[in-house]
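What follows is one structure encoded as structure tokens, with my remarks underneath.
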Amino acid sequence: MSEETMKAKLSGMRATFVCGCLLWAVSQAVQADINVTVRGVIMAPPPCVINGGGAFDTDFGDDLLTTRVDGNNYRVDVNHSIVCTAPTSNDMTMELLGMGTTFEGGAYLQTGQVDLGVKLFFNGAEWPLNTPKSFTHPNYPRLEAVPVKRAGSTLSAGVFSAIATLVVAYQ
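With mature numbering (1 follows the signal peptide of the UniProt record, and there is no 0) as the guide, the letters of the sequence shown map in order to residues -32 to -1, 1 to 139.
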């Protein structure tokens, strides 16, 4: 190989090397760094289903006398079902969420009548509204309800109703 050919070849290699270095330098000059944090929560379907996913009603009947509503008379079971498949823990809580009465510190579920509420019971003990209670799966609590009126009030005859949400959660 002649000296001129070798010089030409070295010149070409130098040019390629210089171009490569320039491209690398330019790419580094326009490079911007930013830290990206990605967070999320993977939601699994709930392992417990209350009442087959539907609503449930508690019926006090049609024969309530306004003068006998006292927080003891007309006590009924709140019929419900809870089915838990593969719970992550046996320690659970149950809470009934709803609008509280304007009497008794809001401990009772408010009905459509101002002076009428529904007192709740969890395994026989009074259960204030919006208060979580603990239980162990699969020993589900017995729930009961009884109509109660504001002390000293006179109730009007008629149909009444109340709405609440039953929440079961892991501890």
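Cβ atoms here follow ideal geometry from the backbone N, Cα and C, with glycine treated the same way.
Assignment of beta-bridge partners to S102 by DSSP yields T61. Taking 8 Å as the cut-off, the Cβ atoms of L77 and A132 count as close. In the three-state scheme derived from DSSP, where H, G and I count as helix and E and B as strand, T133 is classed as strand. In the same chain as V37, and ignoring 5 residues on each side of it, the C-beta atoms closer than 8 Å to its own belong to L84, P115, V116, K117, L123, in chain order. One thing to note: M62 has its Cβ within 8 Å of the Cβ of V136. About 5 Å separates the beta carbon of G68 from that of L97, a gap short enough to meet the 8 Å contact definition.
In summary, T79 is buried, with 16 or more beta-carbon neighbours lying within 10 Å of its beta-carbon over all protein chains present. The beta carbon of T53 sits closer than 6 Å to those of P15, all from its chain and outside the five residues before and after it, given in chain order. Straight through space, the alpha carbons of V51 and V17 are spaced by roughly 5 Å.
The beta-carbon distance between S49 and N19, rounded to whole angstroms, is 5 Å. This is short enough to meet the 8 Å contact definition. The beta carbons of V46 and F28 sit about 11 Å from each other, so the pair does not count as a contact at 8 Å. DSSP places E72 in no beta strand (DSSP E); its state is neither H nor E.
Following the DSSP letters along the chain, one finds F90 inside the beta strand (DSSP E) bounded by residues 84 to 90.
C-alpha of K101 to C-alpha of M60: approximately 8 Å in a straight line. For L111, the enclosing beta strand (DSSP E) starts and ends at 111 to 117. Check the Cα spacing between R110 and each of T99, A125, L33, A93: the tightest is with A93.
With distances taken between CA atoms, S129 lies nearest to D25 out of I2, D25, G21.
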